[in-house]
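Visitor: With my numbering, the residue at position 255 of the sequence shown is 255, and numbering never jumps.
Glycine included, every Cβ here is placed at the ideal spot set by N, Cα and C.
Before I ask anything, let me first share the structure, which is written out below as structure tokens.
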Amino acid sequence: MRLFAKIAILLPLSCFSLTTKPWLADLFEADLTPGYTYRHYPNVQGATKPFASNDQIFSLGLEVALSTHFDFALELEVADTTQQSWGMRSGAMQVRYLWLDDVAGDPISFITGLSLRDVSKRNLRDVSCPYAARINWELFSAIGKEFSDGFNWNTRIYAWAAVGIANRGSWWTRQEISYENKWCNRHNLKLFLQGDFGFGDLRQVVVDHFDGWGKYRHQSMDLGICYRYQLDYYGTFSISYAYRVFARAFPERVHCLTLMYCFPFCLF
Numbered sequence: 001m002r003l004f005a006k007i008a009i010l011l012p013l014s015c016f017s018l019t020t021k022p023w024l025a026d027l028f029e030a031d032l033t034p035g036y037t038y039r040h041y042p043n044v045q046g047a048t049k050p051f052a053s054n055d056q057i058f059s060l061g062l063e064v065a066l067s068t069h070f071d072f073a074l075e076l077e078v079a080d081t082t083q084q085s086w087g088m089r090s091g092a093m094q095v096r097y098l099w100l101d102d103v104a105g106d107p108i109s110f111i112t113g114l115s116l117r118d119v120s121k122r123n124l125r126d127v128s129c130p131y132a133a134r135i136n137w138e139l140f141s142a143i144g145k146e147f148s149d150g151f152n153w154n155t156r157i158y159a160w161a162a163v164g165i166a167n168r169g170s171w172w173t174r175q176e177i178s179y180e181n182k183w184c185n186r187h188n189l190k191l192f193l194q195g196d197f198g199f200g201d202l203r204q205v206v207v208d209h210f211d212g213w214g215k216y217r218h219q220s221m222d223l224g225i226c227y228r229y230q231l232d233y234y235g236t237f238s239i240s241y242a243y244r245v246f247a248r249a250f251p252e253r254v255h256c257l258t259l260m261y262c263f264p265f266c267l268f
């Protein structure tokens with residue numbers, strides 16, 4: 001049962017790539033998580049011309065709990081879109097520190113962290129690439145609470161927020177609010193709302209001469225749902241869907257479908 005709980009803590013369940021939950025796994029436990037995302041949008045709100053895209057993204061993530069308060073994550077993305085054929089999109093690393101842990105007796109869980117993402121120059125010319133510039137930094141924090149029935153939690157809620165800056169362009173913020181419910185120690189359902197807001201000067205997206213989102217005053221909100229199934233000791237499979245309910249100077253009416261498999265293992 002403890003293994004099931006550890007896997008559930010680490011697996012990301014939304015269109016945000018790196019994990020946003022304010023909980024860590026047990027010491028020296030790692031998760032290897034390949035994922036596939038299909039994304040479609042019929043238009044870019046505020047663009048100089050109509051533009052639609054069908055995107056495919058393969059990702060590979062690795063997360064390791066290096067202590068009871070600290071973890072480390074790596075991620076690679078490969079993408080194929082209407083504007084760009086298959087190629088490396090980005091690589092990222094993330095470190096997090098857990099200040100409060102409600103599983104260990106604190107009233108809430110509270111975590112802070114820092115992430116760095118390097119994006120290929122080729123992909124920055126693609127409107128479907130969601131990043132601001134070549135080098136993207138984010139400082140973030142998350143707060144959450146689990147509600148348990150005996151040993152295992154059955155409901156939890158959490159909120160995550162980040163402030164980012166790149167090597168050029170203006171700053172941005174991202175947010176997520178999530179509610180999860182688990183039953184039979186095997187099934188998990190999650191509802192989430194995500195926001196992404198950039199504070200650049202430009203409000204009209206120049207599709208033909210695009211070079212990253214850092215200079216745009218873009219806004220978006222995505223509403224999503226995810227189902228996860230525990231495959232005994234062989235890992236966890238999840239499927240999630242998100243729809244963009246609001247967009248300004250950003251791809252609008254976006255449909256995002258993500259499949260993930262999480263394989264847990266111990267380092268020692």
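1. I'd like the span of the alpha helix (DSSP H) that includes Lys-121, first residue to last.
2. Report all residues from its chain with a CB closer than 6 Å to the CB of Asp-196; omit the five preceding and five following residues, and keep chain order.
3. Alpha carbon to alpha carbon, how far is Phe-192 from Asn-154? Give it in angstroms, no decimals.
4. With distances taken Cα to Cα, identify the nearest neighbour of Arg-269 among Val-95, Asp-80, Arg-96.
5. Taking Ser-85 as the reference, which of Phe-268, Leu-223, Arg-117, Phe-58 has the closest Cα?
6. Measuring straight from C-alpha to C-alpha, what distance separates Phe-4 and Tyr-261?
7. Going by DSSP in three states, His-218 sits in which element: helix, strand or coil?
8. Let me make sure I understand the geometry here. Which of Gly-224, Tyr-229, Tyr-233, His-187 has the alpha-carbon closest to that of Ser-243?
9. Under the assumption that Ala-39 contacts Val-254 (Cβ atoms under 8 Å), give the Cβ distance between them as a whole number of angstroms.
10. Give the straight-line distance between the Cα atoms of Ala-166 and Pro-50, rounded to the nearest whole angstrom.
11. If you draw a straight line from the C-alpha of Leu-98 to the C-alpha of Ser-141, how long is it?
12. On the DSSP bridge list, what partners appear for Trp-160?
13. How would you label Thr-48, buried or exposed, when you count the other beta carbons within 10 angstroms and need 16 or more for buried?
14. Roughly how many angstroms lie between the CA atoms of Ala-132 and Leu-124, to the nearest whole one?
15. At the level of alpha carbons, what is the spacing between His-269 and Pro-107?
16. Helix, strand or coil for Tyr-278 per DSSP?
17. Tell me whether the segment 224-241 and the segment 199-207 touch, counting them as touching only if at least three CB pairs, one residue from each stretch, are closer than 8 Å.
18. Among the candidates Ser-170, Ile-135, Pro-264, whose CA atom is the shortest distance from the CA of His-218?
19. Hey, could you find the ends of the beta strand (DSSP E) Gly-61 is sitting in?
20. Can you tell me which residues form a DSSP beta bridge with Ser-115?
21. What is the C-beta distance between Asp-211 and Lys-145, in whole angstroms, given that I count them as a contact (C-beta under 8 Å)?
22. For Pro-22, count the other beta carbons within 10 Å of its own beta carbon; 16 or more makes it buried, fewer makes it exposed. Which is it?
Guide: Reading off the structure:
1. 121-124
2. Arg-174, Ser-220
3. 17 Å
4. Outside the displayed range of the chain (1 to 268) lies residue 269, so it cannot be described from this structure.
5. Phe-58
6. For Phe-4, the pLDDT reaches just 37, beneath the cut-off of 50, and the residue's location in the model is therefore unreliable, leaving the point undetermined.
7. coil
8. In the sequence on display, residue 243 carries Tyr and not Ser. Closest by alpha carbon: Gly-224.
9. The question names Ala, yet the displayed sequence has Arg at residue 39. Going by Cβ atoms, the distance from Arg-39 to Val-254 rounds to 6 Å, so yes, they are a contact pair.
10. 28 Å
11. 10 Å
12. Ala-142, Glu-176
13. exposed
14. 8 Å
15. The displayed coordinates of the chain run from 1 to 268. Any statement about residue 269 would go beyond what the structure contains.
16. This structure cannot settle anything about residue 278, because the visible part of the chain is limited to 1 through 268.
17. no
18. Ser-170
19. 53-65
20. Gln-94, Glu-138
21. The pair is not a contact, with the Cβ atoms about 42 Å apart (cut-off 8 Å).
22. buried
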